[in-house]
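Residue numbers (the working numbering): 993 to 1180. Virtual Cβ for every residue (Gly too), placed ideally from N, Cα, C. Nothing here was measured: the structure is a model prediction, and the numbers come from that model. Okay, so here's the structure we're looking at.
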């Protein structure tokens, strides 16, 4: 009986740490597409964007891409805070913020051990660098954001503008340099 109780308690703790959205896994989900894109093939990246989190800022005003483009985001957390970097539409970002709040309430972020299963997000402890490869499938306006409680509200977010695949390079990303750090309009 004591062994069974300990097993149930251990499962309850693990479930609370994983949270309601399955944020407890070690990998990036099963590759499901969304209405705004899908996980990209790391071997077929069109360009790489470097994103650096400093304090409560990514240092980027907006990101610009073309529909069909596969982008590798190399995200580095140079702050002393945990952060995440999530790509999504407004509804996706709102739902992710709610999930992150539940995780915090359940103690899942206290140790900095929370891991995302979401294919459109990475969670970073201070000093970490992670990659997210994403294919933007539809034109429209999305957001990049940190959904750690309070960070989005503090301004750690920005627009992602995805132009039609037929758009010229200059309208989709000014100063396009194939392969590296284009499409990011940095703050001054």
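Cα-Cα separation between residue 1067 and residue 1088, rounded to whole angstroms: Residue 1067 and residue 1088 have their C-alpha atoms some 18 angstroms from each other.
Spatially closest choice to residue 1046 from 1084, 1027, 1149, by CA coordinates: Ranking 1084, 1027, 1149 by Cα distance to residue 1046 puts 1149 first.
N- and C-terminal bounds of the beta strand (DSSP E) containing residue 1042: Per DSSP, residue 1042 is one residue of the beta strand (DSSP E) stretching across 1039-1045.
Those residues which DSSP pairs with residue 1154 across a bridge: In DSSP, residue 1154 forms a bridge with 1057, 1132.
Other residues of its chain near residue 1124: CB distance less than 6 angstroms, five sequence neighbours each side excluded: For residue 1124, where only same-chain residues beyond five positions count, the Cβ hits under 6 angstroms are 1065, 1114.
Other residues of its chain near residue 1024: CB distance less than 7 angstroms, five sequence neighbours each side excluded: The beta carbon of residue 1024 sits closer than 7 angstroms to the beta carbons of 1111 from its chain, once the five residues preceding and following it are set aside; these are given in chain order.
Beta-carbon spacing of residue 1116, residue 1069 below 8 angstroms: The Cβ-Cβ distance between residue 1116 and residue 1069 falls below 8 angstroms.
Beta bridge counterpart(s) of residue 1137 as assigned by DSSP: Note: residue 1137 is bridge-paired with 1078, 1149 in the DSSP secondary-structure output.
Environment of residue 1091 [buried if 16+ CB atoms lie within 10 Å]: Buried.
Start and end residues, beta strand (DSSP E) containing residue 1031: It spans 1029-1031 - the beta strand (DSSP E) in which residue 1031 sits, taken as one unbroken run.
Beta bridge counterpart(s) of residue 1124 as assigned by DSSP: Answer is 1065, bridged to residue 1124.
Local conformation of residue 1049 per DSSP, three classes: Three-state result, residue 1049: strand.
CA nearest to the CA of residue 1057, picked from 1048, 1038, 1073: In this structure, 1038 is the residue among 1048, 1038, 1073 with its C-alpha nearest to the C-alpha of residue 1057.
Closest Cα partner of residue 1181 within the set 1032, 1026, 1143: The chain is shown only over 993 to 1180; residue 1181 falls outside these bounds and no answer can be derived.
Own chain residues within Cβ distance below 6 angstroms of residue 1061, not counting five before or after: In chain order, 1038, 1128 place their CB closer than 6 angstroms to the CB of residue 1061, counting only its own chain and leaving out the 5 sequence neighbours on each side.
Neighbourhood of residue 1138 by C-beta, 6 angstroms cutoff - its chain only, sequence neighbours within 5 removed: If the five residues before and after residue 1138 are omitted, its C-beta is found closer than 6 angstroms to the C-beta atoms of 1075, 1076, 1148, all from its own chain and listed in chain order.
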